[in-house]
Amino acid sequence: MQKIIKDVVVVGAGGAGLSAALTAAASGLDVLLVEKTPYYGGTTAWSGGGIWVPCNSLGREAGYADSESDASAYIKAVVGPTLREDLLAEFLRAAPQMVDFMQEQTSTQFALHLGFPDWFQELHGATQAGRLLAPVTFDGRQLGDHLKQLREPLREFNAPAGMMLGFDDMPHIANVKKSWRSLVHVLKLVVRYLRDRLVYGRGTRLTMGNALVGRLLKSCLDAGVELWHSSPMLELMTDDGAVTGVEVERDGEKIQITARRGVILASGGFSANERFRQQFIPFPDQHISMVCEGNNGVAISAALDLGAGFDGANISNAGWLVVSVLERPDGTIRKFPHLFLDRGKPGCIAVNLNGERFGNESATNLVEPMHRTASVPAFLVADHAFVKKYGLGLVKPRGLGLKKMVEQGYLIRASSLQQLADKTGIASENLLATVERFNSFAERGVDEDFGRGSQQEDFHLGDLNHTPNPCLGPIAQGPFYAVKIYPGDSTTTVGLKVDSRARVLGGDAEPIPGLCAVGLDMNSLWRGKAPSHGGNNTLSLTFGFVAARSLADVAE
């Protein structure tokens with residue numbers, strides 16, 4: 001069996017693993033990063049790419065007031081009594097340092113991302129802007145041959161037909177028929193993408209999560225990190241209770257890698273692990289995860305075998321998403337996360353099989369009401385005017401793909417609500433009554449049942465050009481449409497218990513020597529209730545930074 005020696009071994013190449021590997025290498029350590037799948041980037045590559053960092057230097061330089069005390073008060077109010085204050089203190093100290101390190105010493109560059117305030121504006125310490133950062137659009141050609149190992153974005157999220165779009169592109173897409181400037185912008189994107197496909201086999205203008213992991217990957221390469229893809233960890237190597245390295249499989253061969261300083265687990269949690277799903281996820285048999293298929297919990301299981309444990313009860317065990325699926329003829333499925341394009345817009349409701357609404361469709365989290373009311377599965381219901389304007393699931397705005405999605409059975413169409421109920425199995429009498437009641441709310445601009453559109457945070461999923469309420473519109477003219485939706489997740493939150501330096505704690509509450517856990521392998525600081533957009537990415541990058549510095553023994 002081949003044996004090699006490194007200072008640090010990082011298991012997993014998502015945002016947390018790349019951040020950890022980069023920081024360790026920048027500290028002068030010899031670093032090997034092993035990734036089980038053929039691709040680098042993990043679920044971070046499919047994300048919006050934002051990070052939420054209180055008191056960051058970019059916000060301060062732009063004139064946005066913030067303070068550690070305000071951020072602390074806000075996070076404590078959001079998460080509540082289960083919050084780990086030692087982890088909170090470390091996050092507030094280290095997150096701004098992480099941003100400065102990235103900005104000053106690496107290719108991982110950020111810019112302020114405006115227009116997305118903290119989620120809970122009614123709480124003390126919330127801000128309108130200054131904390132959310134987005135990765136700067138990245139030219140993937142800088143990765144050279146490594147570009148083909150970068151996980152491609154989700155076409156259903158921000159890459160229609162594979163062409164990546166950023167938030168700054170969205171207004172141009174919406175106005176492509178109204179503005180010559182927007183038309184020219186979009187045509188330039190299309191021309192570049194077509195050229196990229198011919199030369200590189202994929203788009204090279206990287207945005208959102210792909211920009212983040214692309215920049216992190218470039219930074220790791222520049223820092224001298226050794227990268228192995230398609231190299232799953234088999235087990236942790238130990239000596240007298242201390243972790244001394246990992247055994248991996250590469251090209252069909254088992255390799256033992258000694259880690260002189262330690263091992264950092266960043267393998268993406270357990271979304272693909274059936275045992276953990278049954279233990280921690282409500283309605284597990286009808287739950288659709290958007291997390292990468294390689295996140296199988298092997299690293300967490302290996303740590304548990306050494307005496308590590310989970311970190312108590314969370315508010316939610318995952319970052320919930322509403323998901324719909326298209327079943328392909330070959331038996332595979334295409335997943336669509338219903339984030340901001342449809343369900344919160346005026347003229348769409350979510351109903352269960354009883355034909356009843358169960359929550360605020362414009363709220364960030366619609367899955368908890370699904371769980372609480374056992375509304376699994378459920379349906380989004382809208383009329384033709386809505387679908388033509390906003391799209392619905394895999395049907396894009398202006399109704400692009402509508403005919404195909406109806407023919408493939410993804411979208412159910414009917415000339416009347418009664419027929420729609422018959423086709424979907426929804427209780428017809430209740431559905432008709434629900435729509436009639438909702439339409440009366442839309443006319444007055446007040447949702448008497450769930451307060452939809454009564455809070456500013458709802459508006460970000462609505463349509464600010466629609467009055468009197470950006471989130472309420474009638475469902476009036478057929479044909480009518482429905483798409484079946486399920487609870488899903490973009491991240492698990494249950495993970496290993498660590499100390500403030502990201503060192504995994506054993507049964508005696510003492511660190512297991514040589515072992516750290518970050519990203520989804522570490523229990524989330526947010527306990528399942530994030531404070532804002534970018535909350536999960538910021539924990540991944542921050543505690544990857546913290547873990548690497550703890551192994552490097554850098555004086556703070």
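To convert, note that position 487 of the sequence shown is 487 in the UniProt record's numbering; the numbers rise steadily by one, no gaps. Beta carbons are placed, not taken as given, at the ideal position from N, Cα and C, and that holds for glycine.
Classification of residue i by the beta-carbon crowding that lies within 10 angstroms, buried from 16 upward
i, result
"Leu541", "buried"
"Asp66", "buried"
"Arg343", "buried"
"Met522", "buried"
"Val554", "Note that Val554 scores 44 on pLDDT, short of 50, meaning its location in the model is unreliable; the coordinates nonetheless yield the value given after this. Exposed, by the Cβ-count rule."
"Trp180", "exposed"
"Glu556", "Bear in mind that the predicted position of Glu556 carries a pLDDT of just 41, short of 50, making it unreliable; the figure below should be weighed with that in mind. Classification for Glu556: exposed."
"Asp422", "exposed"
"Val190", "exposed"
"Gly80", "exposed"
"Asp447", "buried"
"Glu327", "exposed"
"Glu361", "buried"
"Ile75", "buried"
"His124", "exposed"
"residue 560", "Since the first residue shown for the chain is 1 and the last is 556, residue 560 is missing from the structure and cannot be characterised."
"Leu198", "exposed"
"Glu90", "buried"
"Val184", "exposed"
Residue i: CB within 7 Å of a non-hydrogen atom of the ligand MN
i, result
"Leu58", "Only the bare structure without any ligand can be found here, which leaves the ligand MN out of the picture."
Collapsed DSSP secondary structure at residue i in the structure displayed
i, result
"Glu556", "Low per-residue confidence applies at Glu556: pLDDT is 41, beneath 50, and the placement is therefore not dependable, though the value from the model is reported in the following sentence. Glu556 falls in the coil class under three-state DSSP."
"Cys348", "strand"
"Gln2", "strand"
"Leu438", "Rather than Leu, the amino acid found at residue 438 in this sequence is Phe. Note: Phe438 maps to helix in three-state DSSP."
"Ile264", "strand"
"Lys497", "coil"
"Arg527", "coil"
"Phe283", "coil"
"Thr538", "helix"
"Met290", "coil"
"Gly50", "coil"
"Phe545", "helix"
"Thr127", "coil"
"Ala25", "helix"
"Lys484", "strand"
"Gly514", "strand"
"Gln256", "strand"
"Ala134", "strand"
"Tyr64", "coil"
Cutoff 8 Å: residue i Cβ touching any chain D Cβ
i, result
"Gly49", "Reference to chain D is not applicable here, since this structure consists of a single protein chain."
Cβ separation of residue i and residue j, assumed to be a contact under 8 Å, to the nearest whole Å
i, j, result
"Pro479", "Ala414", "6 Å"
"Phe358", "Ile485", "With 8 Å as the limit, Phe358 and Ile485 do not qualify as a contact, their Cβ atoms being about 11 Å apart."
"Ala20", "Tyr40", "No, Ala20 and Tyr40 are not in contact; Cβ-Cβ is about 13 Å, not under 8 Å."
"Leu265", "Leu217", "19 Å between Cβ atoms; not a contact."
"Thr207", "Leu165", "6 Å"
"Phe283", "His460", "About 27 Å separates the two Cβ atoms, so there is no contact after all."
"Glu72", "Leu92", "Inspection of the sequence shows that residue 72 is occupied by Ser rather than by Glu. Indeed they touch by this definition, with Cβ atoms about 6 Å apart."
"Leu33", "Leu221", "Leu33 to Leu221, Cβ: 11 Å. No contact."
Proximity to residue i [Cα-Cα], best of the options
i, options, result
"Gly347", "Arg215, Leu88, Arg437", "Arg437"
"Tyr410", "Leu194, Asp222, Phe336, Glu235", "Phe336"
"Asp330", "Lys254, Gln408, Ser316, Ser219", "Gln408"
"Ala126", "His185, Met98, Leu198, Val53", "Val53"
"Asn439", "Gly393, Gly425, Asp383, Gln418", "Asp383"
"Leu417", "Leu402, Gly401, Val435", "Val435"
"Ser182", "Asp169, Tyr193, Leu194", "Asp169"
"Ile257", "Val10, Gln121, Ala547, Ala509", "Val10"
"Asn175", "Pro135, Lys389, Leu18", "Lys389"
"Cys516", "Gly262, Gly28, Arg215, Val184", "Gly262"
"Leu22", "Ala302, Arg60, Val78, Met98", "Met98"
"Gly241", "Ala303, Gln279, Val225", "Ala303"
"Gly535", "Leu18, Val78, Ala24", "Val78"
"Pro397", "Gly50, Pro171, Lys6", "Pro171"
"Glu61", "Pro96, Thr37, Glu152, Asp499", "Pro96"
"Gly528", "Ala318, Met237, Gly162, Met102", "Ala318"
"Gln128", "Val504, Ala476, Glu457, Leu194", "Glu457"
Entirely enclosed alpha helix (DSSP H) segments - the stretch 143 to 184, minimum 4 residues: 170 to 174
4 or more residues per run - each alpha helix (DSSP H) lying fully within the stretch 69 to 125: 85 to 105
Segments of 3+ residues assigned as beta strand (DSSP E) that fall wholly inside the stretch 293 to 364: 318 to 327, 333 to 337, 348 to 351
Contained alpha helix (DSSP H) runs [length at least 4] in the stretch 371 to 458, N- to C-terminal order: 384 to 390, 402 to 407, 417 to 424, 428 to 444
Whole runs of the alpha helix (DSSP H) within the stretch 210 to 253, excluding any shorter than 4 residues: The DSSP assignment places no complete run of the alpha helix (DSSP H) inside the stretch 210 to 253 (cut-off: 4 residues).
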